[in-house]
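Just so you know, the sequence shown maps onto residues -20 to -1, 1 to 254 in mature numbering (1 follows the signal peptide of the UniProt record, and there is no 0).
Note sheet for the following structure.
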Amino acid sequence: MKKYVIYVALLAVFSGRAQDFQGIATYESKTQMGEFEAEGGNITPEIAAMVKEQLSKSFEKKYTLRFNKTASIYDEEKQLSNGGGGGMDMQINFAGGGKQYKNLKDKVFITETEIYDKEFLIKDSLSKLEWKLENETKKIGNYTCYKATIKIDKKPDTPDEDGKAAKAINILGATNKDIIITAWYTPEIPVSQGPGEYWGLPGLILEVNDGSTSVLCSKIVLNPKEKIEITVPKKGKKVTQTEFAKILEEKTNDMMKMEEGGSDDNKMIIKIGG
C-alpha cells in the first residue's frame, strides 16, 4: 500500500510539472534583400551604398518567444538606433511584426501591429500548417533537431493601379512565387510552438527559413523559477487578417500617390528583388 501511495504521489508531481512546462527562447532573424537599386535626382553611388547598408541592418532583428504548452507570445526586442556621426540615419518600418500571440487550445492567432502611426489588433483563427516530416537531422546548440517542410503556393495577383501597391507591399518579392519553408524542431522541448506564425510540430521550432528570411534560436531558458507571463495583446483597432491586408493596400496606394507629387530631386526610389 505504501509503494502504491508513493507511486501515485510521484506521478502527480511529474504530471503537474509537465502541465507547467514553460520557457523563454531568443531568436535572431536575417533577411536577404536580393537585387538592390536606388535612383533619384541626387542619388550618388556613395549614398546608394549607405542606403543598402542601412537596409541590411534593419533586416537583422532579435525576438523573444515566451511559451508554455498551450500559448506563446513572440515579440521583437527593441534596439537603439545606431545613428549619428555625420552619416545617414534611416528608420525602416514594414507592416506586420509586432506582438504575435498563439493559443493552441483555442486555435487563436492575434497580432498587435502598427502601420503609418495607427495601431491594429489582428485576430483570426490559427491556421493549420501541413508540415511534411523529413528524416534529416542536425544539431542546433545542444539539441537534436529534425527537419520539416511545407509548401506555400503563390498568392493570386491582386488587381490594382499598375500593380504598384502589390509591389510595394511585397517589397521582398516573397509572395511572387511558390515558397518552400524549412523548419528544424526538437522533440527534446515538448511544445508545439515556434517563432511568429509557425507551430504544429512535435517539438519547439528552433530554426525556420522561407527562402528570404531565416530565423535561428540562439538561447533557451527552460522552466525558470518565476512563472512566465503570457499576456494576450489588446491594443489597436480590431480587424481580421483579410481586413488588415485591404487596409494596408489602401494605405500604401495613398502614400505612393502622395510621393508622386513630389520633386524628383528630393525623391529616392528603392527597388528590392525582382
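Glycine residues also receive a C-beta, built at the ideal position from the N, C-alpha and C atoms.
Note that the structure is a prediction, hence the values are computed from the model and not measured.
- Q12 sits exposed, since fewer than 16 C-beta atoms from the chains shown fall within 10 Å of its C-beta.
- D234 carries a helical assignment under DSSP once its states are collapsed to helix, strand and coil.
- DSSP places L186 inside the beta strand (DSSP E), whose first and last residues are 184 to 189.
- Distance from the CA atom of G78 to the CA atom of E229, rounded to whole angstroms, is 18 angstroms.
- By the CB criterion at 8 angstroms, L106 and G216 fall outside the cutoff.
- Residue state for L84 is assigned as coil, using DSSP reduced to three classes.
- Residue environment for V188: buried (at least 16 other C-beta atoms within 10 angstroms of its C-beta).
- Note on geometry: alpha-carbon atoms of N233 and P213 lie some 28 angstroms from one another.
- Remark: C-beta atoms of I95 and T44 do not approach each other more closely than 8 angstroms.
- Taking 8 angstroms as the cut-off, the beta carbon of I132 is found no closer than this to the beta carbon of A163.
- Residue burial is scored here from C-beta neighbours: T93 has at least 16 other C-beta atoms within 10 angstroms and is therefore classed as buried.
- Rounded to the nearest angstrom, the Cβ distance from G183 to I161 is 16 angstroms, too far for a contact under 8 angstroms.
- Between K87 and W179, the beta carbon gap of about 10 angstroms keeps them out of contact (Cβ cut-off 8 angstroms).
- Linking Q34 to E40 through their CA atoms gives a straight-line distance of about 10 angstroms.
- In the DSSP assignment, T162 falls within the unbroken beta strand (DSSP E) covering 159 to 166.
- In this structure, DSSP gives F39 a state outside helix and strand, which the three-state scheme calls coil.
- Sequence-distant Cβ neighbours of I159 in its own chain, meaning closer than 6 angstroms and more than five residues away, are I132, D190, G191.
- Closest in alpha carbon position to L196, among T220, K231, Y123, is Y123.
- DSSP places Q12 in the coil class of the three-state scheme, outside both helix and strand.
- Note on geometry: alpha-carbon atoms of G176 and K37 lie some 20 angstroms from one another.
- Rounded to whole angstroms, the gap between the alpha carbons of L84 and Q2 is 14 angstroms.
- In terms of Cβ geometry, I130 and K112 form a close pair [threshold 8 angstroms].
- Here A51 is bridged, per DSSP, to N83.
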